[in-house]
Amino acid sequence: MAKEYSRTQRVADYLQRELAQQIQQELRDPRIGMVSITGVDVSRDLGHAKVYFTRLGSDCADEAREAAEVLNKAAGYLRSQLSRDSNMRSVPQLRFYFDSSVGRGRDMEDLIRRAEQADRALGLRDDEPGDAS
Numbered sequence: 006m007a008k009e010y011s012r013t014q015r016v017a018d019y020l021q022r023e024l025a026q027q028i029q030q031e032l033r034d035p036r037i038g039m040v041s042i043t044g045v046d047v048s049r050d051l052g053h054a055k056v057y058f059t060r061l062g063s064d065c066a067d068e069a070r071e072a073a074e075v076l077n078k079a080a081g082y083l084r085s086q087l088s089r090d091s092n093m094r095s096v097p098q099l100r101f102y103f104d105s106s107v108g109r110g111r112d113m114e115d116l117i118r119r120a121e122q123a124d125r126a127l128g129l130r131d132d133e134p135g136d137a138s
């Protein structure tokens, strides 16, 4: 049986798809750069949405602060475009946050790789890098 999704999850998925497209096609501010929408959390009353994004070349929130400011200033415009293009009764207020999980994941991969190399150097591991034994 297919898993049923809540209304908030369906709205979040819709917002993620539409915002990614609108930011790419309609926002021409060079301070934004290459932005990907990684997730959207919608409140239960559908009044507010936290939009999480990553930016190419930015691993921490400080590096993406300017892009976050520009996106938050454009939130009203994006919201009006969403209301024009959708049949939703009301579109949630949008708030953009930098998603640092990609950078943290990259750091964790690096730590694991260095630990494996240290183990091999000490003779604690015999397998080659990338073996799944």
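Mapping to the numbering used here: the sequence shown position 56 is 61, numbers consecutive. Idealized CB from N, CA, C, for every residue including glycine.
Chain-order list of residues whose beta-carbon lies under 8 Å from that of Asp46 (same chain, five-residue window excluded)
Excluding sequence neighbours, Asp46 sits near Ala17, Ala54, Lys55, Tyr57.
Buried or exposed, going by whether 16 or more other CB atoms sit within 10 Å of the CB of Arg118?
Classification for Arg118: exposed.
Any chance you could list the alpha helix (DSSP H) runs of at least 4 consecutive residues sitting entirely within the stretch 6-41, in chain order?
Segments of the alpha helix (DSSP H) lying fully in the stretch 6-41: 12-31.
Give me, in chain order, the residues of the same chain whose beta-carbon lies closer than 7 Å to that of Met6; leave out the 5 immediate sequence neighbours on both sides.
Confidence at Met6 is low in this model, with a pLDDT of 45, below 50, so its placement is unreliable and the value that follows should be read with caution. There are no such residues.
Could you tell me whether the stretch 61-72 touches the stretch 14-31, using the rule of 3 or more Cβ pairs below 8 Å?
With the cut-off at 8 Å, the stretch 61-72 and the stretch 14-31 do not touch.
Spatially closest choice to Cys65 from Val75, Asp112, Ala79, Gln86, by CA coordinates:
Minimum Cα distance to Cys65 is reached at Asp112.
Got a sec, what are the start and stop residues for the beta strand (DSSP E) Ala54 sits in?
53-60 is the extent of the beta strand (DSSP E) around Ala54.
Which term fits Asp104, buried or exposed, when burial requires 16 or more other beta carbons within 10 angstroms of its beta carbon?
Buried is the call here.
Put Val75 into one of helix, strand or coil per three-state DSSP.
Reduced to three states, the DSSP call for Val75 is helix.
At the 8 Å Cβ level, is Asp112 part of the contact set with chain D, yes or no?
In the structure shown, chain D cannot be found, because there is only a single protein chain.
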